Structure formats: C-alpha cells, structure tokens
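According to the working numbering, the sequence shown is numbered sequentially starting from 50.
We treat Cβ as the ideally placed atom computed from N, Cα and C, and that holds for glycine.
A quick note: this is a predicted structure, and the numbers were derived from the prediction, not measured.
Below is one structure, written out as structure tokens, with a few remarks after it.
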Amino acid sequence: MRRSRCLLPVLGLLLMTTACQGDSSAPAPIMSNGATAAAPTPPADGAVRWSRAVVWSGDLNSCRQGEAAASRDCLIKAMQSGGAGPDAVRAAEQLSSGGELAFVTAWHEHDGIGVATVAYPFRANTNEGTRLIDASGNRIDVDTVQWDDALRADPGVQALLQAHPQATPFAPAQADGSTPLDGGGVRLLYRTPLRDCHACANEGQLQIGYDFDAKRNFIGQQVVPVTP
C-alpha cells in the first residue's frame with residue numbers, strides 16, 4: 050500500500066454485531082491491517098477519463114434473448130442504438146473486458162472525488178457496484194474486499210468467526226460519509242455487510258476508509274472502526 054503522512058493511524062476493526070440479523074489485473078495492495086482490496090485501475094494511454102459523460106441508462110431487452118443474449122457485442126450495440134455517447138460506450142468496454150458485462154448508470158462527486166455507480170445487468174445477484182475516481186483518473190472498486198489471514202487474525206474478526214464461521218464480506222458496499230485528513234486530504238467511508246450466505250441476515254459490518262490527498266489522488270485504504 051502506498052503510504053503518506055496524510056494517513057490517519059490505523060485503529061483496527063470494530064465489528065457491529067446484530068442479533069439474528071474486469072477492471073484490473075494488477076496485484077491488490079495490502080491495507081495496513083493486512084486486508085486486501087482492489088488495486089486502483091489506471092486509465093490506459095488514450096483511454097477515456099471517466100466523468101459524467103460515461104453515464105448511460107437504456108433498454109437491454111434485446112440482449113436477454115436469442116443467441117446474442119448477454120454478450121459484450123450485444124451490450125455495446127444496444128448502448129449505441131440507445132443513444133449512448135462514445136465515452137459511455139468506452140467505459141462499458143473497459144468494465145466488460147474481464148468477461149462480465151457492466152456499464153455506468155450514475156455519476157456524482159463527493160468532496161472532489163468522482164463516484165460512479167456501475168450496473169451488472171446480467172448478474173443473478175448484486176447487480177450494482179461503485180468505483181471511486183481520483184484526480185488522475187484511477188478507478189477504485191470498493192466492492193472487492195476479501196478475508197485474508199491477517200484480517201482473520203484480528204481479535205474482533207476472530208470473535209465473530211467463532212460464532213459465525215462462514216461469515217464473509219458481501220458486496221455491495223454502502224457509502225457512509227467522509228472525514229477530513231491532515232494536509233487537506235479526505236477519507237471516503239464505505240461499509241460492507243458480513244453474512245453467512247447471500248440471503249442470510251447481517252452478522253456485522255466491515256468499514257473501509259479510502260484515502261485521497263489534497264489534490265484528490267488516491268493514497269491508500271484503511272480499516273476504520275464502525276461508530277454505532
């Protein structure tokens with residue numbers, strides 16, 4: 050993980066338990082507590098820089114039947130015939146390069162960081178995700194946090210896994226505001242529910258802070274305690 054004096058000290062993981070309740074091939078960076086998350090996807094030379102122009106909303110019924118159903122070519126053709134601009138089509142091509150089809154449906158800015166809502170129209174579950182776009186055009190996927198040995202060694206995680214051995218992060222992550230960092234930076238907070246299965250009740254929450262410097266370039270991510 051890239052480090053900076055702007056980063057706040059890591060406070061560890063606080064689980065909030067309740068009763069019964071192809072974008073990049075780069076290696077994932079290691080968060081300071083050991084958890085892994087997606088590496089930012091840099092814009093390729095000549096590639097479109099994501100902005101409000103990558104948004105499209107239209108009809109994909111033509112891609113839900115017949116031999117061309119759920120194909121990348123069908124998605125692109127449907128977008129083009131549905132009035133999608135060239136940036137929206139290019140963004141969909143970038144998102145769909147790993148074998149899964151996706152396109153951008155919404156865009157807004159949060160404290161100078163671009164926030165793109167991504168649709169996965171042909172998934173059986175979890176049809177929506179989020180990318181954060183920094184000042185250099187890097188795209189950070191907030192829905193890829195996975196357990197690893199270091200995170201499982203956290204006392205809070207150990208306590209939860211003793212009661213719920215199958216608990217794991219289930220996307221999509223939900224935005225939970227932002228906090229300022231020293232030197233003019235900002236941390237955007239996202240919470241991911243922990244469950245035993247997709248349809249199970251939440252057993253806790255994992256909160257990640259995505260940190261950006263004063264120029265709004267991505268500098269790393271941290272596990273942040275959940276505040277009740």
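Across the structure, Thr241 and Ala248 are spaced so that their CA atoms are roughly 15 Å apart. Ala140: member of the alpha helix (DSSP H) spanning 135-144, first to last residue.
Counting of Cβ neighbours within 10 angstroms places Glu252 among the buried residues, the total reaching 16 or more. Taking 9 Å as the cut-off, the beta carbon of Gln256 is found closer than this to the beta carbon of Asp225.
The residue from Gly258, Trp105, Leu238, Ala220 with its alpha-carbon nearest to that of Val153 is Trp105. With a beta-carbon spacing of about 16 Å, Pro218 and Glu177 fall beyond the 8 Å limit used to define contacts. A check of alpha carbon separations from Val235 across Ala216, Gly186, Phe267, Pro214 identifies Phe267 as the nearest. Distance from His213 to Asp190 at the Cβ level is roughly 25 Å; contact not present, criterion being Cβ atoms closer than 8 Å. The DSSP assignment places 204-212 as complete runs of the alpha helix (DSSP H) inside the segment 201-233, in order along the chain (cut-off: 4 residues). Closest by C-alpha distance to Ala151, out of Gln211, Gly107, Asp160, is Gly107. For Val167, the three-state secondary structure derived from DSSP is strand.
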